[in-house]
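Student: Residues 9 to 431 (our numbering) make up the sequence shown, in order.
Just so you know, even glycine gets a beta-carbon here, dropped at the ideal spot from N, CA and C.
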Amino acid sequence: MTKEATSGKEFDATVAEQAKRYLEEGRETFRFDTFGSEDFWGGKLKLHEAISGEMAGGVGPGLSPEKALELGLKVDVNAIPKEVAEALNKGEVDLKDPASTLVLLKSNAVVGVTGFFSEDGKTLRSVGIQCSLCHSTVDDAYAPGIGHRLDGWPNRDLNIGAIVVLAPDLAAFTDMLQISEEEVKRALSAWGPGKFDAQLNLDGKAFRPDGKTAATLNPPAFGLAGVNNHTWTGAWGTVSYWNAYVGNLEMHGKGVFFDPRLDDAKKYPVAARTKQGRKQDNEDRITAKLPALHFYQLALPTPNPPEGAFDTAAADKGKALFNDKAKCATCHVPPIFTEPGWNLHEADEIGIDDFQAMRSPDERYRTAPLRALWDLEKIHKGGFYHDGRFATLRDIVDHYDRHLDLKLTDREKSELIEFLKSI
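(1) Looking only at C-alpha atoms, which of 63, 46, 170 and 175 sits nearest to residue 138?
(2) In whole angstroms, what separates the C-alpha of residue 413 from that of residue 60?
(3) Considering only DSSP beta bridges, list what residue 341 is partnered with.
(4) Assuming residue 137 is part of the alpha helix (DSSP H), what are its boundary residues?
(5) From what residue to what residue does the alpha helix (DSSP H) around residue 247 run?
(6) Going by C-alpha distance, which of 349, 245 and 382 is nearest residue 313?
(7) Helix, strand or coil: how does DSSP classify residue 203 here?
(8) What's the gap between the Cα of residue 238 and the Cα of residue 99?
(9) Over the uninterrupted alpha helix (DSSP H) stretch that includes residue 186, give me the two end residues.
(10) Looking at residue 308: is its Cβ nearer than 9 Å to the Cβ of residue 245?
(11) Output the boundary residues of the beta strand (DSSP E) element that contains residue 288.
(12) Looking at C-alpha atoms only, which residue of 356, 358, 428 and 407 is the closest neighbour of residue 378?
(13) Please check the pair residue 111 and residue 123, which I expect to be a contact at CB under 8 Å, by giving their CB distance rounded to whole angstroms.
(14) Can you round the beta-carbon distance between residue 253 and residue 211 to whole angstroms, since I take them to be within the 8 Å contact cut?
(15) Skipping 5 residues on each side, what residues in its chain have a beta carbon closer than 6 Å to that of residue 65?
(16) Going by beta-carbon coordinates alone, are residue 115 and residue 88 separated by less than 9 Å?
(17) Give me whichever residues DSSP pairs with residue 151 in a beta bridge.
(18) Identify whether residue 374 lies in helix, strand or coil by the three-state DSSP scheme.
(19) Hey, how far is the Cα of residue 155 from the Cα of residue 147?
(20) DSSP state of residue 230, grouped into three classes?
(21) Rounded to whole angstroms, what's the CA-CA distance from residue 117 to residue 331? Just pull it up for me.
(22) Going by CA-CA distance only, name the one from 175, 243, 80 and 183 that's closest to residue 165.
(23) Can you tell me whether residue 434 is buried or exposed? The criterion is at least 16 other CB atoms within 10 Å of its CB, across all chains shown.
(24) Would you kindly check if the distance between the Cβ of residue 394 and the Cβ of residue 373 is under 9 Å?
(25) Straight-line CA distance for residue 178 to residue 366?
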């Protein structure tokens with residue numbers, strides 16, 4: 009920065025320029041940067057071979073566009089080449105043919121996945137993944153699963169576990185978790201659509217005591233400006249921490265990650281044994297991308313409810329209940345709808361079991377910011393709370409009415425729900 013750019017209009021212009029640059033760079037990173045993860049997903053798991061199929065030099069039947077969409081993968085309609093789009097419109101593209109998936113990968117049209125091809129463009133050599141794989145979806149403008157990108161919206165259709173078990177070589181997981189391939193497949197297959205277990209690589213706990221999967225729902229990545237702790241449970245850190253954690257330990261990119269809390273062999277036996285809290289790769293393709301990525305994510309807006317999504321008159325009454333009798337605003341402080349500061353609570357405070365909280369460093373649940381609660385088709389598909397245990401807003405209101413002894417009437421509950429849908 010020059011001396012002239014340290015004050016006055018020049019300084020303001022410099023700030024504006026950096027903000028613009030960070031937005032552009034962060035969007036590019038969020039959507040397209042693999043962080044070198046292709047060395048894991050392709051190099052170790054050989055997932056690209058399962059995608060290609062034996063007819064294209066891989067193994068098995070291959071992954072057709074039809075099957076990919078069934079597994080929740082999304083297609084960016086703006087990235088589809090004109091000639092391919094025209095063929096699609098004419099019904100000339102065989103959506104049951106894995107070769108059509110390779111065409112989409114060559115065009116960088118599969119949201120969150122990058123294909124790496126041979127020099128002649130005929131053979132898929134590897135695949136890497138991006139942030140947008142789990143934290144973007146599409147608006148289905150062309151067809152279900154095919155449309156314009158919606159960054160920050162969780163992909164609640166994405167069956168991550170089912171995709172991973174397609175890989176021909178799961179040794180990376182059997183070695184890390186020290187369990188059989190059959191057990192790995194059982195654990196991953198139990199996740200189901202929209203869920204991922206971001207602590208399995210730390211504590212090895214694939215299932216809850218009740219036998220259900222320990223995986224949690226992909227959370228929204230929009231509306232996080234002003235929100236302290238990120239993700240479902242406590243004290244992992246802010247968005248910036250989670251970007252570093254996921255980029256290094258979940259996406260398996262190349263970088264540096266430090267968290268001595270993961271040295272706790274009793275709490276995190278897998279992480280301690282594999283030294284995940286002290287990762288030092290020779291090549292770092294993540295750290296330099298974190299500032300702009302963070303900036304872009306904090307700029308992602310919460311989608312507004314469409315016209316007719318809620319009853320305005322009832323919502324006005326519900327707002328008063330939210331701020332007073334229902335006690336919602338005690339923790340969900342407007343307008344960020346979580347606590348400013350250390351937004352964490354023990355399980356008994358919110359009246360649920362502590363399994364997932366106990367997997368976090370300080371064993372608490374985060375007060376989730378209330379965002380786009382009107383949308384049950386995409387954003388909150390699969391339910392509310394970390395594991396989708398509450399199917400509807402009424403289920404949540406009924407839970408807190410009992411737990412906090414609020415004595416809400418049915419009408420008050422309905423009015424409160426209308427306000428929640430208006431946020």
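Tutor: Considering the structure as presented:
(1) Comparing C-alpha distances from residue 138 to each of 63, 46, 170 and 175 shows the shortest one belongs to 46.
(2) C-alpha separation (whole angstroms): 57 Å.
(3) For residue 341, no pairing in a beta bridge is given by DSSP.
(4) It is not in any alpha helix (DSSP H) - residue 137 instead sits in the beta strand (DSSP E) that spans 132-137.
(5) Element bounds for residue 247: 247-253.
(6) Cα-wise, what sits closest to residue 313 is 382.
(7) The three-state secondary structure of residue 203, taken from DSSP, is strand.
(8) Residue 99 has its alpha-carbon roughly 44 Å from the corresponding atom of residue 238.
(9) No alpha helix (DSSP H) contains residue 186, which DSSP labels as neither H nor E.
(10) Taking a C-beta distance under 9 Å as the contact criterion, residue 308 and residue 245 do not qualify as a contact pair.
(11) Per DSSP, the continuous beta strand (DSSP E) segment holding residue 288 begins and ends at 286-288.
(12) That would be 428, whose Cα lies nearest to the Cα of residue 378.
(13) Rounded, the Cβ-Cβ distance is 10 Å, inconsistent with contact.
(14) Wrong, their Cβ atoms sit about 14 Å apart, outside the cutoff.
(15) Residues 131 of the same chain have their beta carbon placed closer than 6 Å to that of residue 65, with the five preceding and five following residues left out of the count.
(16) With contacts defined by Cβ atoms closer than 9 Å, residue 115 and residue 88 form a contacting pair.
(17) Residue pairing for residue 151: DSSP places it in a beta bridge opposite 154.
(18) Correct three-state label for residue 374: strand.
(19) In a straight line, the C-alpha of residue 155 is about 5 Å away from that of residue 147.
(20) Residue 230 falls in the coil class under three-state DSSP.
(21) As the crow flies, the alpha-carbon of residue 117 is around 45 Å from that of residue 331.
(22) It is 80.
(23) Residue 434 is absent from the model: the chain starts at 9 and stops at 431.
(24) For residue 373 and residue 394, yes; Cβs fall inside 9 Å.
(25) A straight-line Cα-Cα distance of about 28 Å links residue 178 and residue 366.
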